[in-house]
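A.B. asks: With the numbering used here applied, the sequence shown covers 9 to 385. Let me give you the structure first, and then I'll get to my questions.
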Amino acid sequence: MGTEAEQDRPGRVVVKVGTRLVVDTAGTPRREFLEAMAGDIRRLADEGVEVVLITSGAVGLGRRLIFEPGRQLKPHERPSAAAVGQPVLMRHWAEALARVDLVPAQVLLTLDDVVDRSRCIRLRDTLEDLLGWGAVPVLNENDSVSVESVTFGENDLLAAMVAVAVAPAELLVILSDQEGLYTADPRSDDSAELIRRVEPDEDVGRYASGAGGPESLGGMARKIEAARRATDCGTRVVIADGNRAGVLPGIIAGEQVGTCMIARPRMPSRKAWLAVHEKPRGLVVVDDGARRALLQPDGSSLLPSGIVAVRGDFRAGDLVTVQDGQGREIARGLTNYSAADTDAIKGRHSSRIADLLGRAGVDEVIHRDDMVVNAGD
Ligand code: GLU
C-alpha cells in the first residue's frame with residue numbers, strides 16, 4: 009500500500025526551504041540555489057503540479073544588512089531583522105522565478121491566521137486563486153508581528169499546517185542542508201544510517217538531534233514533530249537535501265530521495281484544520297460509555313449524557329479537548345455550547361436541554377462532523 013501511495017503523483021506540493029539553503033553563512037543570498045529551485049518549480053508547473061513555496065531566510069538576510077558579520081541577533085531583534093530581510097528575500101525569489109517566467113505572490117502569516125477558521129478560509133481562497141492564475145505563492149511567517157502567543161515557532165510547522173489545512177496537498181517536502189533523518193548524527197558518528205522510510209506509527213523522534221543554525225529555528229526534532237502533524241492528517245512528507253540537483257522533480261517522479269514519511273488516510277480539510285489547531289480553549293471529561301461510543305470507527309457525536317466534568321472558560325464555537333477519566337485526549341472538536349451551558353446539561357439526556365437552559369438547543373455538545381477522534385480518525 010505504502011509503495012503505491014509513494015508513487016502516486018501529487019497534483020500539489022508544499023515545499024519548505026530552510027534558511028541555510030537560501031542564505032550562506034556570511035548572510036549572502038545563495039543565488040544558484042534560488043535559481044535551481046525556480047527551475048524545478050517551472051518544470052513541475054509545466055507538468056501540471058502546483059507548488060506552494062514556504063521560504064525562511066528573512067531574519068538571516070536582515071541581520072546581514074544591519075549588523076557586522078558575526079554579530080548574532082538577540083531574540084527580541086528577530087522581528088525587526090525579518091522586517092529588513094523579508095523584502096530582500098522576496099526580491100531574490102522574484103528575480104529567480106521571473107527568469108523562468110513565473111510570477112511570485114507574497115503571503116505573510118501568523119499562527120492566528122490559520123487557527124481562526126474564517127481567516128483560514130480566506131487564506132485558502134486566496135491561495136486557490138493564486139494557484140489557479142499560475143502564480144507561485146511564496147509564504148513566510150510574518151515575523152515582525154508574531155508575538156510569542158501566535159508564532160508557529162518555526163517554518164516547519166507553518167509548512168505542515170499549510171499543507172494540511174490551508175492549501176491541502178498530497179505531499180509536503182521539507183528541504184534543508186541535510187540528506188534526511190539519520191539513526192545518529194552523521195557528522196560525528198560513522199555508523200549513522202539514513203532512514204529511508206518511516207511508517208505512520210513509527211516513533212523516530214529519538215533519532216532527531218541537533219538544532220537549526222543561528223538564524224533558523226527548526227532542527228531535525230522540530231521537523232519530525234511538524235511532519236507528524238502532516239502525516240497524521242494524510243499528507244506524505246519527504247525530508248531531503250535541497251542542494252541536490254533536481255531534487256523536487258525527482259521526489260515527484262517517485263525517486264527515493266531523503267526520508268519519506270508515509271501518511272495516514274487523508275482527512276477532509278475541516279477535520280484536518282481541527283487536528284492541527286494549536287490551542288483548545290477548554291476540555292470536557294467523558295465517562296467510559298461515551299469514550300467507547302466516540303472511539304468506534306463510525307462513532308457518534310458527543311452528547312451531554314456522557315460528560316462528567318467541564319474545565320476552562322469556552323464559548324459556543326470554540327475548540328475543546330475531549331478527555332477520558334484517565335486524562336487521555338480522545339478527541340477534539342468545536343463545541344455547540346459554552347462551558348457554563350455544558351456544565352448545566354452534563355450527565356443529562358439531550359431531551360432535557362430546553363428545560364435546563366431555558367431555551368432550545370441541539371442534541372450534540374460536539375457534532376461528529378466538527379470532531380477529530382485521535383490522530384487517525
Ligand atoms: N521566518 C523565519 C525567517 O524567515 C525563519 C523561521 C525558521 O527558521 O523556521 O527568517
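From the three backbone atoms N, C-alpha and C, an ideal C-beta is built for every residue, glycine too. Computed from a prediction, not measured in an experiment: that's the story for all the values here.
What would DSSP say about GLY290, mapped onto helix, strand or coil?
C.D. replies: In the structure shown, the three-state DSSP call for GLY290 is strand.
A.B. asks: When every heavy atom of the ligand GLU is checked, does at least one fall within less than 7 angstroms of the C-beta of ASP32?
C.D. replies: no
A.B. asks: Quick check on VAL370: does DSSP put it in helix, strand or coil?
C.D. replies: coil
A.B. asks: The ligand GLU heavy atoms versus the CB of VAL96: any closer than 7 angstroms?
C.D. replies: no
A.B. asks: For ALA106, count neighbouring Cβ atoms within 10 angstroms of its own Cβ and tell me buried if that reaches 16, exposed if not.
C.D. replies: exposed
A.B. asks: Name the residue from ALA200, LEU116, ASP185, VAL96 whose alpha carbon lies nearest to the alpha carbon of THR33.
C.D. replies: When each option's Cα is compared against that of THR33, the closest is ASP185.
A.B. asks: Taking only heavy atoms of the ligand GLU into account, decide whether any of them is closer than 7 angstroms to the Cβ of ASP151.
C.D. replies: The answer is yes for ASP151.
A.B. asks: In whole angstroms, give me the CA-to-CA distance for GLY335 and LEU291.
C.D. replies: 10 angstroms
A.B. asks: Whole angstroms is fine: what's the gap from ALA90's alpha carbon to ARG99's?
C.D. replies: 14 angstroms
A.B. asks: Quick one: using the 10 Å Cβ neighbour count with 16 as the cut-off for buried, is LYS231 buried or exposed?
C.D. replies: buried
A.B. asks: Give a yes or no on whether the C-beta atoms belonging to VAL328 and VAL293 are separated by under 8 angstroms.
C.D. replies: no
A.B. asks: Which runs of the beta strand (DSSP E) spanning at least 3 residues fall entirely within the segment 131 to 214, listed in chain order?
C.D. replies: 144 to 149, 179 to 184
A.B. asks: Name the DSSP beta bridge partners of CYS268, please?
C.D. replies: ARG205, VAL246
A.B. asks: So what does DSSP say about LEU342, is it helix, strand or coil?
C.D. replies: Secondary structure of LEU342 (DSSP, three-state): strand.
A.B. asks: Quick check: what's the CA-CA separation for LEU166 versus SER154?
C.D. replies: 12 angstroms
A.B. asks: With C-beta atoms as the reference, is ARG356 less than 8 angstroms away from PHE322?
C.D. replies: Their beta carbons are not under 8 angstroms apart, which means ARG356 does not touch PHE322 by this criterion.
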